[in-house]
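Using our numbering, you'd call the opening residue of the sequence shown number 1125 and step up by one each time.
From the three backbone atoms N, C-alpha and C, an ideal C-beta is built for every residue, glycine too.
Here's the structure we're looking at; comments come further down.
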Amino acid sequence: MSEHSWAAAGAAFAKSLRCAWLPRTLLSWQADETFFETRCADLLETFLDGAPAGILLSQPWSEFFGELKAPDHAAQRVPFNVERYAGNYLNIMFGLALVAEVVCRPITVIFLALLQAVALLAPPEMFDVDLRLPRKDAEVIALGGARLRLTLAAVGHVGFVFLTVLGHRCWPWAIAAILSLLHAYFRTRPWTQVAKERLGLKRTS
């Protein structure tokens, strides 16, 4: 039971990473305005949901911050919660790593944040930019619009990922991992899940 649960927990982490905004954007790439607008809107919605890493939350934060209690069966609860909240834990790790980068590289973080803010929040007409080829009677090539918006958003997002993942600072990730495991240990499982496993027995946590 425990071994299977840990395998499922690892699979949940892998799925969360595969379903992050950046991989989904690259794997579904289409060179059209609708796609560019949709991907920008999706990134903004992900941020507004409280997922700074661009990784979809496995559960809403209101569900994440639920009842905490020492477990009766830690070997069942911990891997279950790691699987259940994998996306949340990844966003916590990213968030703490980003806080560390704010302290160490504030100018870079502010620049990337402004870049993403402009890309996702500025009015569409701000991105209407045309580029003329450097020859007489050159055709006007439109490089602005939604394409430019998505480019700026992607550059900012990749910059954040680079800073946090490749920033050579392990302690924020270690702290986040410890906090995540503590949450997985104390966060009670849904009673419906326990009932399925303990059908006919006294409900456990």
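Beta-carbon contacts of residue i that lie in its chain and below 6 Å, excluding the five residues immediately before and after
i     : result
L1257 : Legend: pLDDT at L1257 = 49, less than 50; position of this residue unreliable, value from coordinates given subsequently. Within the same chain, L1257 has no close Cβ partners at all.
T1149 : R1163
V1233 : E1225 and V1226
L1236 : G1280, G1283 and F1284
L1168 : L1244
M1125 : The pLDDT assigned to M1125 is 42, lower than 50, so where the model puts this residue is not dependable; a value taken from the coordinates is nonetheless given after this. If we look at M1125 and ignore the five residues flanking it on each side, it has no Cβ neighbours.
L1222 : T1288
Residue range of the alpha helix (DSSP H) that includes residue i
i     : result
W1297 : W1295 to F1310
P1247 : It is not in any alpha helix (DSSP H) - P1247 carries neither H nor E in the DSSP assignment.
L1287 : A1270 to V1289
A1198 : A1198 to R1208
P1147 : W1145 to L1151
D1166 : E1157 to L1172
With 16 other Cβ atoms within 10 Å as the buried cut-off, status of residue i
i     : result
A1175 : buried
T1288 : buried
F1284 : buried
P1230 : exposed
F1218 : buried
R1311 : buried
P1314 : exposed
F1286 : exposed
F1204 : buried
P1079 : Past the edges of the chain, shown from 1125 to 1329, lies residue 1079, and the structure says nothing about it.
Which residues DSSP lists as bridging residue i, in chain order
i     : result
L1192 : R1311
Nonlocal neighbours in the same chain, by C-beta distance under 8 Å from residue i, ignoring five residues either side
i     : result
W1185 : G1174 and N1212
N1215 : G1174, A1175, P1176, A1177, I1179 and L1181
Sequence-distant residues of the same chain with beta carbon closer than 7 Å to residue i, five excluded per side
i     : result
R1387 : Residue 1387 lies beyond the residue range present for the chain, which begins at 1125 and ends at 1329; the question has no answer from this structure.
T1170 : W1145, G1178 and L1180
E1191 : T1312
G1269 : E1157, F1251 and D1252
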